[in-house]
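The structure appears right after this line, and notes come after that.
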Amino acid sequence: MTAQGTVTPGSAPDSAGPGTALRPGPPSARRARTRAAGPAGTAGPPRPGLVSRLAGRTRGGLVQVLLAVIGLVWLTPVAGLLVASLRPEEDNTSSGWWTAFADPGRLSLDGYTALLRDSGIVDAFWNTVLISVPATVTVIVVAALAGYAFAWLEFPGRDWVFLVVVAMLVVPVQVGLLPVAKMFGALGLFGTIPGVILFHVAYGLPFAVFLLRNYFAEIPREMLEAARMDGGGEWRIFTRLVLPLGRPAIASLGIFQFLWVWNDMLVALIFADSGSQPLTVALQSQMRQFGSNIGVLAPGAFLSLIVPVAVFFAFQRHFVQGVMAGSVK
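When you line the sequence shown up against this note's numbering, it's residues 309 to 637, in that order.
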């Protein structure tokens, strides 16, 4: 037993009486307390968690600034095109588009009014819609069915057929223009809208099948087996399980395919005649006719731009999910 008020090394101190002095701890304990407290009158070193949070906020702020700069650079020519389409031709030829804000009263919709009065541009716009929508929907439907078959159905030669599909990705469009043109001429499809649609479908399917097959293959096998145990057939599994899970990839594919077809000019320039030409070919014809008349060309160019932008923003949530799906899985 120890006397009241004394503390032995290594033991907890009892309630010391008045006037009782406590022994200092060992030197290692004193050094630890000194390091924790820091120099007199100063705080200790910052905690690692606080430093990492501050660094993360700094990086996040820099990323936001960088994205804002990229967005501004991307939007500048679009804003210039819009302003040029609203300015009189003499203003477009005498000064830059940014000077329009000094006198906004000169902006008008005369260019768009003249564009809508041009029946050739209006017909070309609807031809573009008639080409882009069926070419996109057909590719999505066929690629979804083929992607599910290549991913989850067993049939002879499945891997070899898929290898042929992948090999078609490296075939340039320009290689098939002349042979397909001769074949379409023999079939009566040359110079028609169905011929242009069929060409876009044929050259859009390899990438579409490759994309959806790889996405569908990431679906857990246990989910499909559980659906089969519940009595679901292949068609029910495909429509009720695979398609809802594959919605992000399908939306991404739809955006890509629609943009490719909508912005195409080479295929339409070769396979479409004057009555079935899309908007890109019509604008190219206007450039030959009006030369550098920006007041006439800018409204048509902006009209061809606004539809793809609207489609992208309508499906941007699914597009981002589809792009990020590969890194999340």
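Every residue gets a Cβ at the ideal spot worked out from N, C-alpha and C, and that includes glycine. Owing to the predicted nature of the structure, the values given are computational and were not obtained by experimental measurement.
Contact belief for residue i with residue j at Cβ below 8 Å, rounded distance in angstroms
i	j	result
Ala510	Phe579	Contact doesn't hold; Cβ gap of about 12 Å is too wide.
Asn435	Gln585	6 Å
Ala557	Leu520	6 Å
Gly562	Thr444	6 Å
Leu605	Gln594	6 Å
Gly455	Val517	6 Å
Ala408	Asp399	7 Å
Val504	Ala410	That belief does not hold up - the Cβ atoms of Val504 and Ala410 are roughly 45 Å apart, past 8 Å.
Ile545	Ala535	5 Å
Coil, strand or helix - residue i by DSSP
i	result
Ala494	helix
Ala580	strand
Gly499	strand
Gly554	coil
Gly428	helix
Ile661	One cannot answer for residue 661 here, as it falls past the ends of the chain, which runs 309 to 637.
Arg625	helix
Met595	helix
Val617	helix
Val479	coil
Gly465	coil
Arg649	Absent from the model: residue 649. The displayed extent of the chain is 309 to 637, so no value can be given.
Asn571	coil
Pro514	helix
Asn404	Strictly speaking, residue 404 in this sequence is Gly, with Asn absent from that position. Correct three-state label for Gly404: coil.
Asp411	coil
Pro442	helix
Gly419	helix
Gly540	coil
Ala586	Reading off the sequence, residue 586 comes out as Pro, not Ala. The answer is coil: DSSP assigns Pro586 none of H, G, I, E or B.
Beta-carbon contacts of residue i that lie in its chain and below 8 Å, excluding the five residues immediately before and after
i	result
Pro464	none
Ala622	none
Val481	Tyr511, Leu574, Val575
Nonlocal neighbours in the same chain, by C-beta distance under 6 Å from residue i, ignoring five residues either side
i	result
Leu587	Ala432, Phe433, Thr436, Ser612
Ala345	Residue placement at Ala345 is poorly supported in this model, since its pLDDT is 48, which falls under 50; the coordinates are not used for a value here.
Leu375	none
Leu380	none
Which listed residue (the options) has its alpha carbon closest to that of residue i
i	options	result
Pro502	Ser393, Val604, Asp581	Asp581
Val617	Leu567, Arg596, Val575	Leu567
Val589	Ala494, Leu574, Phe515	Leu574
Ile602	Arg395, Val371, Trp460	Arg395
Trp406	Arg536, Ala392, Thr547, Ile527	Ala392
Gly583	Thr401, Leu380, Ile429, Phe546	Ile429
Ala459	Phe515, Asn522, Ala451, Ala494	Asn522
Trp570	Ala410, Ser440, Leu383	Ser440
Ala525	Ala452, Arg536, Gly499, Gly493	Ala452
Thr500	Val619, Leu438, Gln482, Gly379	Leu438
Glu542	Val371, Ala457, Val615	Ala457
Ala387	Gly369, Gln482, Gly404	Gly404
Residue i beta carbon near the ligand HEM (any heavy atom closer than 7 Å)
i	result
Phe566	What this structure holds is no ligand at all, so the ligand HEM is not there to describe.
Spatial neighbours of residue i in its chain, beta-carbon cut-off 7 Å, leaving aside the 5 residues before and after
i	result
Leu553	Ile527
Leu639	A question about residue 639 goes unanswered here, because the residues of the chain that appear run from 309 up to 637.
Leu424	Val430
Val619	Ile563, Phe566
C-beta neighbour in chain C for residue i, strict 8 Å
i	result
Phe610	In the structure shown, chain C cannot be found, because there is only a single protein chain.
With a threshold of 8 Å, are at least 3 pairs of Cβ atoms found where one atom belongs to the region 499 to 509 and the other to the region 467 to 479?
Contact fails: fewer than three Cβ-Cβ distances are below 8 Å.
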